[in-house]
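**Q** Okay, handing you the structure first.
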Amino acid sequence: MTKSFGSRCEQIAAIVRKDFLIGLRRRATFAAMMMFALTAVASLSLSTGGSFVEPKILSAMLWVVIFFAASAGISGTFDDEAQACTLPTLKLYAAAQAILFGKMAGVLLSLIALTTFILPIFLILFDVAVENFFLLTTTLLAGLVGLSAAGTLTAALTTSATVKGGLFPILLFPVTLPIFLPAIALTEAAFTGAAFEASALVVIAAFDAILILASSILYDYL
4 MTKSFGSRCE QIAAIVRKDF LIGLRRRATF AAMMMFALTA VASLSLSTGG
54 SFVEPKILSA MLWVVIFFAA SAGISGTFDD EAQACTLPTL KLYAAAQAIL
104 FGKMAGVLLS LIALTTFILP IFLILFDVAV ENFFLLTTTL LAGLVGLSAA
154 GTLTAALTTS ATVKGGLFPI LLFPVTLPIF LPAIALTEAA FTGAAFEASA
204 LVVIAAFDAI LILASSILYD YL
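Numbering (the working numbering), first residue to last: 4 to 225.
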């Protein structure tokens with residue numbers, strides 16, 4: 004069993020490495036995510052005109068930017084295999100679960116890179132002082148895990164869709180809404196330094212686990 008687990012981990016690592024190398028050669032998707040996030044944050048900042056914005060609104064704006072920027076990149080998670088018709092070959096090399104978790108890990112890493120890029124810009128443009136940086140980091144990471152799980156499964160479901168660009172966020176948003184609502188409240192608490200309910204973190208973690216488990220079960224039938 005240990006050998007099987009080790010082999011599965013090697014397959015996951017190989018898939019992550021493959022997607023990373025492909026991403027280096029074709030940087031358009033990641034660049035689109037970055038440019039969308041940057042443009043959205045800059046436009047929102049200009050629209051406020053330097054006026055005071057409630058921390059709760061700022062928290063919601065941050066997660067909205069992350070969601071739509073992520074949607075621009077996650078939707079094409081399986082496009083390379085679909086266009087080259089290599090997904091059946093990939094399934095011969097690796098187990099379905101290894102493919103799923105390899106893709107999920109790759110998506111999570113790209114979202115962490117996206118958030119690391121956009122968060123300082125967001126904080127500077129809106130002049131936000133983070134009072135609880137540990138809470139903010141924990142909330143962002145927990146939210147990104149759930150977004151990665153839901154996004155990877157949704158990308159697999161919409162791979163052959165002809166209107167995937169519009170369909171993907173419509174399918175993804177209701178699934179991730181239970182994560183975003185407590186994440187927005189926790190982000191607001193991190194900005195203001197106010198007391199927060201630890202149960203909100205538990206809710207996010209629980210939904211993360213549910214999404215990962217559901218993705219693992221449903222992917223075998225795709």
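Beta carbons: idealized from backbone N, C-alpha and C, even for Gly.
Computed from a predicted model, the values in this text were never measured in an experiment.
Exposed or buried, what is residue 96 when buried is set at 16 or more other beta-carbons lying within 10 Å of its beta-carbon?
**A** Residue 96 should be labelled exposed.
**Q** Considering only C-alpha positions, which residue in the set 77, 162 and 134 is nearest to residue 199?
**A** 134
**Q** Quick one: measure Cβ to Cβ for residue 194 and residue 62, integer angstroms, because I've assumed they're closer than 8 Å.
**A** Confirmed, about 7 Å.
**Q** Among the residues of its own chain, which have a CB less than 8 Å from the CB of residue 192, if the five just before and after it don't count?
**A** 135, 138, 198 and 199
**Q** According to the Cβ coordinates, are residue 111 and residue 78 closer than 9 Å?
**A** no
**Q** With 16 other CB atoms within 10 Å as the buried threshold, where does residue 58 fall?
**A** With 16 or more other CB atoms across the displayed protein chains lying within 10 angstroms of its CB, residue 58 is buried.
**Q** Between the alpha carbons of residue 162 and residue 74, how many angstroms are there, rounded?
**A** 14 Å
**Q** Grab the span of the alpha helix (DSSP H) containing residue 217 for me, first residue to last.
**A** 201 to 222
**Q** Determine the direct distance from the alpha carbon of residue 52 to that of residue 222, and round the result to whole angstroms.
**A** Going from the Cα of residue 222 to the Cα of residue 52 covers about 46 Å.
**Q** What's the call for residue 182, buried or exposed, on a 16-neighbour Cβ count within 10 Å?
**A** buried
**Q** Going by C-alpha distance, which of 103, 109 and 99 is nearest residue 25?
**A** 109
**Q** When burial is assigned at 16 or more other CB atoms within 10 Å of the CB, is residue 102 buried or exposed?
**A** buried
**Q** Might you give, ordered along the chain, the residues of its own chain that have their beta carbon closer than 6 Å to the beta carbon of residue 9, omitting 5 neighbours on each side?
**A** none
**Q** When DSSP labels each residue in this structure, what does residue 134 get in the three-state scheme?
**A** Residue 134: coil per DSSP, three-state reduction.
**Q** Whose CA, out of 44, 207, 33 and 50, lies closest to the CA of residue 188?
**A** 207
**Q** Helix, strand or coil, according to DSSP, for residue 149 in the structure here?
**A** helix
**Q** Residue 127: buried (16+ other C-beta within 10 angstroms of its C-beta) or exposed?
**A** exposed
**Q** Could you please give the first and the last residue of the uninterrupted alpha helix (DSSP H) stretch that includes residue 119?
**A** Residue 119 -> alpha helix (DSSP H) spans 99 to 128.
**Q** In whole angstroms, give me the CA-to-CA distance for residue 217 and residue 159.
**A** 13 Å
**Q** Less than 9 Å between the C-beta atoms of residue 11 and residue 98, yes or no?
**A** Contact annotation: residue 11 and residue 98 have beta-carbon atoms nearer than 9 Å.
**Q** Quick check on residue 36: buried or exposed, where buried means 16 or more other Cβ atoms within 10 Å of its Cβ?
**A** Classification for residue 36: buried.
**Q** Quick check: residue 66 and residue 157, are their CB atoms within less than 9 Å of each other?
**A** no
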